[in-house]
Amino acid sequence: MSDRKKIKIVLAGNPNCGKSSLFNSLTGLKQKITNVPGTTIENKVGKCTVGDNDIELIDTPGTYSFNPKSLDEKEAVKVFFDNPLPDAILYVADAANLKRNLFYFSQLAQHNIPMVLALTMLDIADFKGFEIDIDRLEKELGIRIYKVNARSGDGITGLKNALGQDQFAPHFAFGSEEDHTHESHFVSINKLLNKTTTLKSKRELVSNKIDAWATHPILGYLMFLVVLLVIFQSVFSLASYPMDWIESGFSLISEWLSAELSDGWLKKLIINGLVAGVAGVIVFVPQIAILFFFMGLLEDTGYMARVSFIMDKMLRGLGLSGKSVVPLLNGAACAIPAIMSTRNIENWKDRLITIMVTPLMSCSARLPVYTLLISMAIPSDQYVGIVSLQALLMLGMYVLGTVAALLGAVVFKWIIRHDRPSYFIMELPVYHVPRWNNIWLNMWQKSRSFVSEAGKVILVVSVVLWFFASYGPKADESFSIQASEDLVESYAGHFGKAIEPAIQPIGFNWKIGISLITSFAAREVFVGTMSTIYSVGDEDNFDQIRDKMRKDTLTNGKPVYSIGVVLSLMVFYAFAMQCMGTLAVVYKETKSWKWPAIQFIYMTVLAYIGSWVTFNLFG
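The sequence shown begins at 1 in my numbering and counts up by one.
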């Protein structure tokens with residue numbers, strides 16, 4: 001029989017206090033860490049071993065009080081009502097903002113659960129001129145206090161070893177038996193801090209000087225647009241070389257397979273189906289990785305929190321909650337976690353509106369589509385000043401998605417009546433030197449996730465599409481199948497021709513129609529579909545997909561992908577709901593198929609109308 005002791009410890013604290021970073025350091029897990037509140041939405045569980053103790057650490061969402069209003073706050077406090085109760089609480093507090101951080105601590109202290117206090121951001125507190133008497137604070141509270149820095153690793157070992165020791169419940173009296181109001185708690189906290197902290201000097205942080213520009217009501221928006229433009233310029237320029245290498249690699253693979261495999265359906269399936277489909281997505285991974293790198297950089301330095309701040313006022317005027325900023329910004333990466341992050345919005349109507357419009361934000365799955373179409377229609381050597389026209393058009397697509405989401409919120413504001421607006425409370429973190437390991441790891445994990453998740457769908461779609469593009473009905477219209485040398489005579493060709501009248505008004509032909517249908521599984525499937533379609537019957541010519549599309553012509557000799565068609569297609573993908581995973585998450589969050597159905601219908605109609613207008617303007 002084992003003598004090992006199991007200990008359950010809960011991590012608690014305010015948002016943005018370094019709690020998740022400390023959790024990762026203690027457990028070795030790689031939970032996402034950002035400087036934007038709302039990252040941790042559900043309790044995360046990790047384990048570590050200290051001596052003869054097996055410790056279970058539970059990381060709860062950051063919250064400011066024990067009185068839950070939003071779903072994430074309810075998730076944070078419900079663990080304190082579990083049976084059995086936690087053996088101890090590891091409370092993480094920002095030393096530079098100790099007064100505010102101790103309020104939640106004071107509420108937890110009333111439950112007579114042993115506690116340990118971990119102080120973070122001590123370097124910032126020192127810069128601000130605060131001196132904390134740790135020994136005196138320990139004596140007053142009656143618990144152990146540890147100074148930690150998860151970025152550098154200072155104090156982590158000592159704290160980890162202490163978790164296996166006996167802990168004590170705080171004996172400091174917050175409030176009184178007669179008065180447990182919030183005001184009485186702050187009075188007690190003030191008395192405590194007067195005894196244990198001293199303000200030696202007062203210096204202005206560099207962050208405040210930068211924020212004079214970053215949070216300016218006009219310059220702040222211009223600064224953000226410049227940042228986005230730099231990102232998109234980098235997406236095209238920096239990724240061009242690895243993309244060429246990937247294309248060359250798959251071309252060599254295709255040539256080798258073509259030489260080694262015997263002629264037949266299996267050879268065509270592998271080369272035209274699997275290789276072509278997968279290559280069409282893998283080639284865009286460098287651009288996706290670069291985008292994730294810059295997004296991680298903005299989050300880790302603290303700049304993304306400033307973007308949330310400057311957008312708050314504008315969003316309120318459009319009927320959204322200030323807390324909608326985080327989901328909308330996260331939607332630029334992926335709508336699925338973005339919709340899940342709406343749980344920190346207290347007001348149900350505000351949350352629902354945010355859920356309904358977040359998929360309009362251009363996500364990473366749209367990036368391969370935009371890149372393919374932009375690179376096909378706009379030469380890489382066309383510049384406006386020092387900025388490429390490709391980067392400007394990419395920025396325009398992201399702006400278009402953002403404007404559509406905001407206008408959609410206005411419409412839903414009148415359809416879904418608000419009870420009362422909620423409020424956005426957020427502390428602007430101090431600017432940090434980026435944690436490069438965290439950024440590289442985040443980029444790697446997200447890029448790998450994109451490949452693995454998209455790859456599963458693309459493999460299935462590529463095989464199915466190859467079959468329907470390679471075979472067709474016999475001339476006698478029987479149900480028998482036969483190999484089709486001409487794509488138009490295949491099952492896919494017949495299906496594309498059937499829906500072509502419906503999509504001709506927006507400039508699309510039957511080939512594009514096939515890709516529209518397949519990409520309702522996931523937007524990025526569009527690229528794999530095009531790779532498969534334009535490779536069928538041409539396994540010996542594995543040219544770049546955009547070159548084949550660029551050379552494709554109509555019966556009258558005009559190019560299929562004119563500038564009007566390309567722009568129309570980009571607008572369609574900007575607005576259409578082509579992600580089954582997103583619809584599933586919307587159902588999960590709303591507990592009803594009504595809202596996913598409404599979302600799918602309105603986004604599809606919007607995409608069609610937007611494409612029709614675009615095609616008639618530029619076609």
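All C-beta atoms, glycine included, are put in the ideal place defined by N, C-alpha and C.
These numbers were taken from a predicted model, which means no experiment stands behind them.
Quiz item: Mapping DSSP to helix, strand and coil, what is leucine 122?
Solution: To locate residue 122, count along the sequence shown from 1; it is residue 122. Looking at leucine 122 - three-state DSSP - the assignment turns out to be helix.
Quiz prompt | Residues near proline 337 by beta carbon distance below 8 angstroms, same chain, minus five either side | solution = Against the sequence shown, residue 337 aligns to sequence position 337. Around proline 337: Asn330.
Exercise. Could you tell me whether the Cβ of phenylalanine 232 comes closer than 8 angstroms to any Cβ of chain C?
Key: Protein chain content of the structure displayed is limited to a single chain, and chain C is not contained in it.
Quiz item: At which residues does the alpha helix (DSSP H) containing lysine 99 begin and terminate?
Solution: Position 99 of the sequence shown, counted from the start, is the residue given in the question as residue 99. Lysine 99 -> alpha helix (DSSP H) spans 98 to 108.
Quiz prompt | Proximity winner among Gly142, Ala259, Thr196, relative to asparagine 112 (alpha-carbon distances) | solution = Locating residue 112 in the sequence shown gives position 112, counting from the first residue. Measuring from the Cα of asparagine 112, the nearest candidate turns out to be Gly142.
Self-check item: N-terminal and C-terminal residue of the beta strand (DSSP E) that glutamate 56 is part of
Solution: Residue numbering aside, residue 56 sits at position 56 when the sequence shown is read from its first letter. Where glutamate 56 is concerned, the enclosing beta strand (DSSP E) stretches over 53 to 59.
Quiz item: Taking the alpha carbon of aspartate 552 as the point to measure from, which residue in Ile533, Trp213, Val206 has its own alpha carbon closest?
Solution: In the sequence shown, residue 552 corresponds to position 552, counting from 1. Looking at the Cα atoms, Ile533 is the closest of the given residues.
Quiz item: Leaving out five residues before and five after glutamate 131 in sequence, what residues of the same chain have Cβ atoms less than 6 angstroms from its Cβ?
Solution: Indexing the sequence shown from 1 puts residue 131 at position 131. Within the same chain, glutamate 131 has close Cβ partners Thr198, Lys200.
Quiz item: Cα separation between leucine 26 and phenylalanine 468?
Solution: In the sequence shown, residue 26 corresponds to position 26, counting from 1. In the sequence shown, residue 468 corresponds to position 468, counting from 1. Spanning the two alpha carbons is a distance of roughly 52 angstroms.
Practice problem: Check each candidate in Gly155, Ile503, Thr215 and name the one with the smallest Cα separation from threonine 604. | Solution: The residue you call residue 604 lines up with position 604 of the sequence shown. Selected option, being the one with the closest Cα: Ile503.
Self-check item: arginine 448, DSSP secondary structure in three states
Solution: What you label residue 448 is simply residue 448 of the sequence shown in a count that begins at 1. Looking at arginine 448 - three-state DSSP - the assignment turns out to be helix.
Exercise. Just mark leucine 4 as buried or exposed, buried being the case when its beta carbon has 16 or more other beta carbons within 10 Å.
Key: Sequence index remark: in the sequence shown, residue 4 carries index 4 (1-based). Just to set this straight, residue 4 is arginine in the shown sequence, not leucine. Result: exposed.
Quiz item: Looking only at its own chain, which residues have a Cβ that is under 8 angstroms from the Cβ of phenylalanine 103, when we skip the five neighbours before and after it?
Solution: On the sequence shown, residue 103 is found 103 positions in, with the first residue counted as 1. Taken in chain order, the residues that qualify are Tyr64, Ser65, His182, His185, Phe186, Ile189.
Quiz item: Who are the Cβ neighbours of glutamate 621 in its own chain at under 8 angstroms, not counting the five residues just before and after it?
Solution: This structure gives no information on residue 621, because the portion of the chain shown stretches from 1 to 619.
Quiz prompt | Residue(s) in a DSSP beta bridge with alanine 522 | solution = Counting from 1 along the sequence shown, the entry for residue 522 is found at position 522. For alanine 522, which the question treats as bridged, DSSP gives the partners Cys579.
Quiz item: Taking the DSSP output, what are the residues bridged to methionine 115?
Solution: Position 115 of the sequence shown, counted from the start, is the residue given in the question as residue 115. Methionine 115 is bridged to Ile89, Phe168.
Quiz item: Ends of the alpha helix (DSSP H) at threonine 301?
Solution: Your numbering for residue 301 matches position 301 in the sequence shown. Its alpha helix (DSSP H) spans residues 285 to 301.
Exercise. With DSSP as the reference, label alanine 239 as helix, strand or coil.
Key: Walking along the sequence shown from the start, residue 239 turns up at place 239. The answer is coil: DSSP assigns alanine 239 none of H, G, I, E or B.
Quiz item: Are the CB atoms of isoleucine 55 and valine 10 nearer to each other than 8 angstroms?
Solution: Start at 1 with the first residue of the sequence shown, and residue 55 comes out as number 55. Start at 1 with the first residue of the sequence shown, and residue 10 comes out as number 10. Taking 8 angstroms as the Cβ cut-off, isoleucine 55 and valine 10 do not qualify as a contacting pair.
Practice problem: With DSSP as the reference, label proline 505 as helix, strand or coil. | Solution: Numbered from 1 along the sequence shown, position 505 holds the residue referred to as residue 505. The answer is helix: DSSP assigns proline 505 an H, G or I state.
Self-check item: Short Cβ contact (8 angstroms threshold) for alanine 118 with leucine 400
Solution: In the sequence shown, residue 118 corresponds to position 118, counting from 1. In the sequence shown, residue 400 corresponds to position 400, counting from 1. Not in contact: alanine 118 and leucine 400 (Cβ atoms no closer than 8 angstroms).
Exercise. For proline 217, name the three-state secondary structure that DSSP assigns.
Key: To locate residue 217, count along the sequence shown from 1; it is residue 217. Residue state, collapsed to three classes: coil.
Exercise. Take glutamine 445 as the anchor and find which of Leu487, Val285, Leu465 has the nearest alpha-carbon.
Key: Translated into the one-based positions of the sequence shown, residue 445 becomes position 445. It is Val285 whose Cα lies nearest to the Cα of glutamine 445.
Quiz item: Apart from the five residues just before and just after leucine 389, which ones in its own chain have a Cβ nearer than 6 angstroms to its Cβ?
Solution: Position 389 of the sequence shown, counted from the first residue, corresponds to residue 389. Taken in chain order, the residues that qualify are Ile378, Gln382.
Exercise. Compare the C-alpha of leucine 228 against each of Ala332, Phe495, Pro559, Phe105 and name the closest.
Key: As a first step, residue 228 is located in the sequence shown; it is residue number 228 there, counting from the start. Considering only alpha carbons, the answer is Ala332.
Quiz item: Between the segment 341 to 355 and the segment 306 to 324, do three or more beta carbon pairs fall short of 8 angstroms?
Solution: yes
Self-check item: Rounded separation between valine 527 and isoleucine 609 - CA only
Solution: Here residue 527 is taken as the residue at index 527 of the sequence shown, counted from 1. Here residue 609 is taken as the residue at index 609 of the sequence shown, counted from 1. Approximately 23 angstroms, taken between the alpha carbons.
Self-check item: Integer Cβ distance of isoleucine 231 from leucine 328, believed to fall under 8 angstroms
Solution: Looking up residue 231 in the sequence shown gives position 231. Looking up residue 328 in the sequence shown gives position 328. Going by Cβ atoms, the distance from isoleucine 231 to leucine 328 rounds to 17 angstroms, so no, they are not a contact pair.
Self-check item: Sequence-distant residues of its chain with Cβ nearer than 6 angstroms to lysine 413 (five each side left out)
Solution: Taking the first residue of the sequence shown as position 1, residue 413 is located at position 413. So the list reads Gly319, once near-sequence residues are dropped.
Practice problem: May I have the straight-line CA-CA distance separating glutamine 107 from tyrosine 91, to the nearest angstrom? | Solution: Residue numbering aside, residue 107 sits at position 107 when the sequence shown is read from its first letter. Residue numbering aside, residue 91 sits at position 91 when the sequence shown is read from its first letter. Their backbone Cα atoms lie some 12 angstroms apart in a straight line.
Quiz item: Near isoleucine 145, what residues of its chain come up, given a Cβ to Cβ distance below 7 angstroms and the 5 sequence neighbours on each side ignored?
Solution: On the sequence shown, residue 145 is found 145 positions in, with the first residue counted as 1. Counting only Cβ-Cβ distances below 7 angstroms, and skipping sequence neighbours, we find Leu117, Leu119, Ile134, Leu137, Glu138.
Practice problem: Output yes or no for whether 8 angstroms exceeds the beta carbon distance between alanine 162 and methionine 115. | Solution: Counting from 1 along the sequence shown, the entry for residue 162 is found at position 162. Counting from 1 along the sequence shown, the entry for residue 115 is found at position 115. Taking 8 angstroms as the Cβ cut-off, alanine 162 and methionine 115 do not qualify as a contacting pair.
Practice problem: Using the Cα positions of phenylalanine 618 and tryptophan 213, report the straight-line distance between them to the nearest angstrom. | Solution: Residue numbering aside, residue 618 sits at position 618 when the sequence shown is read from its first letter. Residue numbering aside, residue 213 sits at position 213 when the sequence shown is read from its first letter. Cα-Cα distance, rounded: 38 angstroms.
Quiz item: From lysine 591 to threonine 614, what distance separates their C-alpha atoms?
Solution: If you number the sequence shown from 1, residue 591 lands on position 591. If you number the sequence shown from 1, residue 614 lands on position 614. Distance between the alpha carbons of lysine 591 and threonine 614 is about 36 angstroms.
Quiz item: When you compare each of Met314, Gly62, Ile514 to leucine 407 by their alpha carbons, which one comes out closest?
Solution: What you label residue 407 is simply residue 407 of the sequence shown in a count that begins at 1. The candidate whose alpha carbon is nearest that of leucine 407 is Met314.
Practice problem: Report the partner residues of arginine 306 according to the DSSP bridge assignment. | Solution: What you label residue 306 is simply residue 306 of the sequence shown in a count that begins at 1. DSSP output for arginine 306 lists no bridge partner at all.
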